[in-house]
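Peer 1: Chains as they are written, first to last, in my numbering: chain B, 1282 to 1458; chain C, -8 to 406; chain P, 18 to 384.
Heads up, the beta-carbon is just placed ideally off N, CA and C, and yes, glycines get one too.
Once you've had a glance at the structure underneath, I'll fire off some questions.
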Amino acid sequence: MGGLTVATRYLSGLELAHRISQRLPEAVVDANPEWVEVRPEALTEVCRLLREDEETDFHFLSCLTAVDRLDHFEVVYHLQSLRRNQLGVLKVKVWDREEPEVPSVTSIWPGAELQEREAYDLMGIRFRGHPDLRRLFLWEGFPGHPLRKDWLGMPGQRMPGLQRFPGEPGEPDTGRG
Amino acid sequence: MSPFLAEWWDLRDLGNLVGAILDWIGDRGAPSWVPYVLSGIIGIAAVLLWALLSQLAFIWIERRVLGRMQVRLGPNRVGPWGLLQPLADALKVLAKEMVTPSNADRILYWLAPVAVVVPAILVLAVFPFSPGMVVADLNVGVLYIVAVTSTATIAVFMAGWASSNKYSLLGAMRTVAMLISYEVVQVLALLSATAFTGSMRLLDVVAWQDRYNAWLLFLQPLALLSFIIASAVEVNRTPSDIAEAESEIVAGYHTEYGGIRWGMFQLAEYVAGFAVAATITTLWLGGWTLWGLEEWVPGWLIFLAKLYGTFFLFIWLRGTLPRVRIDQLMGFAWKFLLPLMLLNVLLVGAERVVWAETEAPAGVVLPAFAVLNLALTVAMIVGWGALAGGLRPQMRPKRPLLVREVGGIYYQPMP
Amino acid sequence: MAMRTEPFVVNVGPQHPSTHGVFRLRLTLDGERIVECQMVMGYLHRSMEKLAEERSYTQNIPFTDRTDYLAAMTGNLAYCLAVEKLASVPVPPRAQWIRTIMAELQRIASHCMAIGTFVNDCGAWHTPLLYMMREREKVLDLFELACGARLTTNYMRIGGVSRDLPPEFLPRLRDFVREMPQRIAEYEDLLVENEILIARSRGIGVLPADKAIAYSVSGPMLRGSGVAWDLRKADPYAAYDQVEFDIPVGTNGDCYDRFMVRLAEMRQSVRILEQALDMIPSGPYQTPVPLALQPPPGEAYGRIESPRGELGFYVVSDGGPAPFRFHIRSPSLINLTPLPELVKGMTVADAIVILGSVDIVVGEVDR
Chain B
1282 MGGLTVATRY
1292 LSGLELAHRI
1302 SQRLPEAVVD
1312 ANPEWVEVRP
1322 EALTEVCRLL
1332 REDEETDFHF
1342 LSCLTAVDRL
1352 DHFEVVYHLQ
1362 SLRRNQLGVL
1372 KVKVWDREEP
1382 EVPSVTSIWP
1392 GAELQEREAY
1402 DLMGIRFRGH
1412 PDLRRLFLWE
1422 GFPGHPLRKD
1432 WLGMPGQRMP
1442 GLQRFPGEPG
1452 EPDTGRG
Chain C
-8 MSPFLAEWWD
2 LRDLGNLVGA
12 ILDWIGDRGA
22 PSWVPYVLSG
32 IIGIAAVLLW
42 ALLSQLAFIW
52 IERRVLGRMQ
62 VRLGPNRVGP
72 WGLLQPLADA
82 LKVLAKEMVT
92 PSNADRILYW
102 LAPVAVVVPA
112 ILVLAVFPFS
122 PGMVVADLNV
132 GVLYIVAVTS
142 TATIAVFMAG
152 WASSNKYSLL
162 GAMRTVAMLI
172 SYEVVQVLAL
182 LSATAFTGSM
192 RLLDVVAWQD
202 RYNAWLLFLQ
212 PLALLSFIIA
222 SAVEVNRTPS
232 DIAEAESEIV
242 AGYHTEYGGI
252 RWGMFQLAEY
262 VAGFAVAATI
272 TTLWLGGWTL
282 WGLEEWVPGW
292 LIFLAKLYGT
302 FFLFIWLRGT
312 LPRVRIDQLM
322 GFAWKFLLPL
332 MLLNVLLVGA
342 ERVVWAETEA
352 PAGVVLPAFA
362 VLNLALTVAM
372 IVGWGALAGG
382 LRPQMRPKRP
392 LLVREVGGIY
402 YQPMP
Chain P
18 MAMRTEPFVV
28 NVGPQHPSTH
38 GVFRLRLTLD
48 GERIVECQMV
58 MGYLHRSMEK
68 LAEERSYTQN
78 IPFTDRTDYL
88 AAMTGNLAYC
98 LAVEKLASVP
108 VPPRAQWIRT
118 IMAELQRIAS
128 HCMAIGTFVN
138 DCGAWHTPLL
148 YMMREREKVL
158 DLFELACGAR
168 LTTNYMRIGG
178 VSRDLPPEFL
188 PRLRDFVREM
198 PQRIAEYEDL
208 LVENEILIAR
218 SRGIGVLPAD
228 KAIAYSVSGP
238 MLRGSGVAWD
248 LRKADPYAAY
258 DQVEFDIPVG
268 TNGDCYDRFM
278 VRLAEMRQSV
288 RILEQALDMI
298 PSGPYQTPVP
308 LALQPPPGEA
318 YGRIESPRGE
328 LGFYVVSDGG
338 PAPFRFHIRS
348 PSLINLTPLP
358 ELVKGMTVAD
368 AIVILGSVDI
378 VVGEVDR
């Protein structure tokens, strides 16, 4: 049989909300057992608090994701403490669909750098304070942000790449998108 | 001195055959310069033919041997056991299009492959395959070798510069730095051998080894080791094929060369490898002598066998060792090999003086020197290594810790 | 007139024998030293996350093979864990053990490749790489026996594995486990004390522990920097809470330590396999799950310790047959974050060695 193994404690969002509200009363918008949602403007302070606080001790950013919820965008942070072996989920909601903007957490967790660039590239969410916010996978000038739910294809219904095999008869290929 | 008969069928000295042909021509009434010129041409043609055929053979041998060292088969599709692989390679190289970069410096770009091959082939002129079989019996043979091989350096830089490619330039600069550093070591190693035997003429060196029945391998092991290392570097073979480090800068100074031009670079590398192996064979391994066996077996066969054995050592090194970084390689040359070689030259001088002064018989002195030199070699390598080139304590290999629980941090910054 | 030098820009990749896939490093060099490094990726971007939103949960399993194509079993496992959390699907014990066995075999195969290509980057002309390919072939043969595919295995299903182990699998696994320790000893003989390898990788690319945590680095790179963190112990999944094994942890955070950690992990994997061979129970190998699984609305983050680090799948469901959001937390991408900083001031040769020690798979970086 194995030795003593501990499993990661998944901190409840309510507990996190309680800890955050003790220091930053206006930051928390919503909380449930799975996650805690905070205001975008308070994000940097909340993250700094969660990192420095000994109870939560979230020094490790496990994952940064952006989700398109049709009427708003969500940025989800999975935070991990290595010493205390616990995980917490933090969310931020942005209701502006044209120019969504969220403060960057790269000053707190430098590991967010590439993940925020990816979120900008694929979802279009800008991160205020990011040292080098450029597209990561797609080229500069790519029309739109593909992972959004309302992005259904390239303009003019074209797919990027060749339209037909070279040598196949038809209209001349107008090239890449 | 020569134990050979002067008959034309005495294969132990192929010069007899050539001499018989030339006598026949001379008897026909040709002017006296004709046999002279013809003997030169035949000698040159023979050496060139040998070099090219050896290179073809060794392309196959190297790839099969490397393959077996790497637990795989090596080429075995083209012909039985892949024996026609060199032919296929040669045909491919000849048939490829030679693309010239548009920004390339035309004259230098064209000249560089030529300038690399010519010194490699020129060097082969002085090696004695057998007492009567030398193309050019110079009495400064060793100096000639050193001088000619060092001209290849400028050719390498020409190639890198003329390609107008940053990778090539990087490769060329690294190569030039490397070649210059290791030339010094090479020259000092050759100096040790020459000073010990007292002559720069290669025939004399072999004769010395024959007379005392002592190969310089036993008397000058440190010089031999250094020469092997320095030559591996000079010929751009792993562990120091930085010039063409495939996993780093694609192909270094010959990235932009295609077709037969690239073939020229490969030819130069192989022929230079043979030249270096021939130098080692002549100076340290006794040339064509094998303690009397040359009475029956042709001397040139023995010479070639030793040469190929030395070249096999280079192939072996290639299959085994990783590549050294350029600054580590140069540090090794200047800080480790050079002081050792200087000490060695000092030692050689001292031993010669002792031998001359005491006038002891060679049968006593030489074994004593052999044992002494071997002991000093080991001492110098270990001692100087510990002093100057050894791994600092914090660089010693360390096993990772095996931990049961998560969450701890075991990081220790290196001093 | 004073002589001045000009920094010039060199592109390493995207076509290059050493960038482990199509991945580009734009290096600004001053002489031989690197002044600045920019990573350009996206050459293998296949929009997997968007494609997955149109396919059912089971149809997305082959995608997970192809993200990290050198560790397909672990990719499958992470995704199935996430969906099982989302849909609350229990997994029978035999399936847990089969998953453990497959994950550890995959770890051995992936580390063989990682160490082999790392030593190849250091310049040893393929010799250690080909020795390790021998062992990897044996593992791939075992995979072929179990599920029919060597590389993109598509073996795990939501609720278990797709088919049971054939009867000759366990005896062959026993043979493999018996001879593997002496092979690892052979590699250690060849490589650990090799002075040239030490000179090439010791003290190169040092990543201190606090920086490693700040950069969200995981896997052997984090453990090489001295942080004892392994999800198999911290957040056990499959049958890892019932086996005994150790976590190798380096102390200096350089390339040599990461390489040693990977080599030691292979030994630990063999240890786990030995225990699994004795403890695997019989029973069902899959919980039946409808083909068009419709989990209740919600979200789940399922993560495992893949050979490269923490591989996580963030799956959001809206009650429909396809995932609403399918995000892959790819360890290779996040382990690349400190690369520009590690590479500053090094030579090009060192940059290649550092990149080799990060052990990326571009399929995972770009998805």
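According to DSSP, is Tyr96 (chain P) helix, strand or coil?
Peer 2: DSSP places Tyr96 (chain P) in helix when its eight states are reduced to three.
Peer 1: Determine whether the Cβ of Trp1376 (chain B) lies closer than 9 Å to any Cβ atom of chain P.
Peer 2: Cβ-Cβ to chain P under 9 Å: no for Trp1376 (chain B).
Peer 1: Tell me whether Met58 (chain P) sits in a helix, a strand or coil according to DSSP, three-state version.
Peer 2: Looking at Met58 (chain P) - three-state DSSP - the assignment turns out to be coil, as it is neither helix nor strand.
Peer 1: Does the beta-carbon of Gln113 (chain P) have 16 or more other beta-carbons within 10 angstroms, so that it is buried, or is it exposed?
Peer 2: It is buried - the Cβ of Gln113 (chain P) has at least 16 other Cβ atoms within 10 Å.
Peer 1: From Asp335 (chain P) to Pro313 (chain P), what does the alpha carbon distance come to, in whole angstroms?
Peer 2: For Asp335 (chain P) and Pro313 (chain P), the distance between alpha carbons rounds to 7 Å.
Peer 1: Anything in the region 237 to 260 of chain P with a Cβ closer than 7 Å to a Cβ of chain B? List those residues in chain order, please.
Peer 2: The residues in question are Val244, Trp246, Lys250, Ala251, Asp252, Pro253, Asp258, Gln259 and Val260.
Peer 1: Hey, is Val397 (chain C)'s beta-carbon within less than 9 Å of any beta-carbon in chain B?
Peer 2: For Val397 (chain C), the answer is yes, since a Cβ of chain B falls inside 9 Å of its Cβ.
Peer 1: Considering Cys129 (chain P), what are the terminal residues of the alpha helix (DSSP H) in which it resides?
Peer 2: Residues Pro110 to Asp138.
Peer 1: Using the three-state DSSP reduction, which class does Leu393 (chain C) fall into: helix, strand or coil?
Peer 2: Leu393 (chain C) falls in the strand class under three-state DSSP.
Peer 1: According to a CB-to-CB cut-off of less than 8 Å, which residues of the region 1396 to 1413 of chain B neighbour chain P?
Peer 2: Going along the region 1396 to 1413 of chain B in chain order, one finds Gln1396, Glu1399 and Leu1403 with a Cβ nearer than 8 Å to chain P.
Peer 1: For a test of the three-state rule: what should DSSP assign to Tyr86 (chain P), helix, strand or coil?
Peer 2: Tyr86 (chain P): coil per DSSP, three-state reduction.
Peer 1: CB-CB under 8 Å to Val1327 (chain B), same chain, minus the five flanking residues each way: which ones, in chain order?
Peer 2: Counting only Cβ-Cβ distances below 8 Å, and skipping sequence neighbours, we find Ile1301, Leu1305, Ala1308, Val1319 and Leu1371.
Peer 1: Does Tyr1358 (chain B) come out as helix, strand or coil in the three-state DSSP assignment?
Peer 2: Looking at Tyr1358 (chain B) - three-state DSSP - the assignment turns out to be strand.
Peer 1: Leaving out the 5 sequence neighbours to the left and right, which residues in its chain are closer than 8 Å to Ser238 (chain C) when beta-carbon positions are compared?
Peer 2: Annotation note: pLDDT 43 at Ser238 (chain C) (below 50); position unreliable, no value reported.
Peer 1: Buried or exposed: where does Lys1430 (chain B) fall if 16 or more other Cβ atoms within 10 Å of its Cβ makes it buried?
Peer 2: Looking at its Cβ environment, which holds fewer than 16 other Cβ atoms inside 10 Å, Lys1430 (chain B) is exposed.
Peer 1: Measure the alpha-carbon distance for Asn352 (chain P) versus Ile321 (chain P) and round it to whole angstroms.
Peer 2: Cα to Cα, the separation comes out at about 16 Å.
Peer 1: Give every residue of the same chain whose Cβ lies closer than 6 Å to the Cβ of Phe120 (chain C), excluding the five residues on either side of it in the sequence, and list them in chain order.
Peer 2: Closer than 6 Å at Cβ, skipping near neighbours: Trp291 and Phe294.
Peer 1: Is the beta carbon of Ile271 (chain C) closer than 9 Å to that of Ile219 (chain C)?
Peer 2: Yes, the pair counts as a contact, with Cβ atoms nearer than the cut-off.
Peer 1: Which chain C residues are close to Met277 (chain P), counting only those with a beta carbon under 9 Å from its beta carbon?
Peer 2: Within chain C, the residues near Met277 (chain P) are Pro388, Lys389, Arg390 and Pro391.
Peer 1: Just to confirm before moving on: does the CB-CB distance between Lys21 (chain C) and Val262 (chain C) stay below 9 Å?
Peer 2: Looking at the sequence provided, one finds Ala at residue 21 (chain C) rather than Lys. No, they are not a contact pair.
Peer 1: Which of the three DSSP states, helix, strand or coil, is assigned to Asp227 (chain P)?
Peer 2: Residue state, collapsed to three classes: helix.
Peer 1: Helix, strand or coil for Leu40 (chain C), going by three-state DSSP, please let me know.
Peer 2: Leu40 (chain C): helix per DSSP, three-state reduction.
Peer 1: Using a Cβ-Cβ distance under 9 Å, would Tyr401 (chain C) count as near chain P?
Peer 2: Closer than 9 Å: yes.
Peer 1: Using a Cβ-Cβ cutoff of less than 8 Å, which residues in the same chain neighbour Gly58 (chain C) once the five nearest sequence positions on both sides are dropped?
Peer 2: Taken in chain order, the residues that qualify are Leu64, Gly65 and Pro66.
Peer 1: Between the Cα of Pro1412 (chain B) and the Cα atoms of B:His1426, B:Phe1418, B:Gln1396 and B:Trp1420, which residue gives the shortest distance?
Peer 2: Here the closest residue by C-alpha is B:Gln1396.
Peer 1: With distances taken Cα to Cα, identify the nearest neighbour of Tyr401 (chain C) among P:Lys67, P:Gly241 and P:Ala231.
Peer 2: Cα-wise, what sits closest to Tyr401 (chain C) is P:Gly241.
Peer 1: Counting only runs of 4+ residues fully inside the region 227 to 309 of chain P, write out the alpha helix (DSSP H) ranges in chain order.
Peer 2: Taking only runs of at least 4 residues, the alpha helix (DSSP H) segments lying wholly in the region 227 to 309 of chain P are 237 to 241, 248 to 251 and 272 to 296.
Peer 1: Residue range of the alpha helix (DSSP H) that Phe302 (chain C) falls in?
Peer 2: Here the alpha helix (DSSP H) through Phe302 (chain C) covers Gly290 to Thr311.
Peer 1: Counting only beta-carbon atoms, is Ala1308 (chain B) nearer than 9 Å to chain P?
Peer 2: So no, Ala1308 (chain B) is outside the interface.
Peer 1: In terms of residue numbering, what span does the beta strand (DSSP E) encompassing Ala326 (chain P) cover?
Peer 2: First, the amino acid is wrong: residue 326 (chain P) is Gly here, not Ala. Run containing Gly326 (chain P): Gly326 to Ser334, per the beta strand (DSSP E) assignment.
Peer 1: What are the boundary residues of the beta strand (DSSP E) that includes Ser323 (chain P)?
Peer 2: Element bounds for Ser323 (chain P): Gly315 to Ser323.
Peer 1: Counting Cβ pairs closer than 8 Å, one from the region 91 to 107 of chain P and one from the region 67 to 79 of chain P, do we hit at least three?
Peer 2: Touching, yes, given that three or more Cβ pairs across the two stretches are closer than 8 Å.
Peer 1: Which residues of chain C have a Cβ atom closer than 7 Å to the Cβ of His143 (chain P), listed in chain order?
Peer 2: Ordered by position in chain C, the residues that pass the 7 Å Cβ test against His143 (chain P) are Gln61.
Peer 1: Quick check on the DSSP output: the beta strand (DSSP E) that includes Asp1338 (chain B) runs from which residue to which?
Peer 2: No beta strand (DSSP E) contains Asp1338 (chain B), which DSSP labels as neither H nor E.
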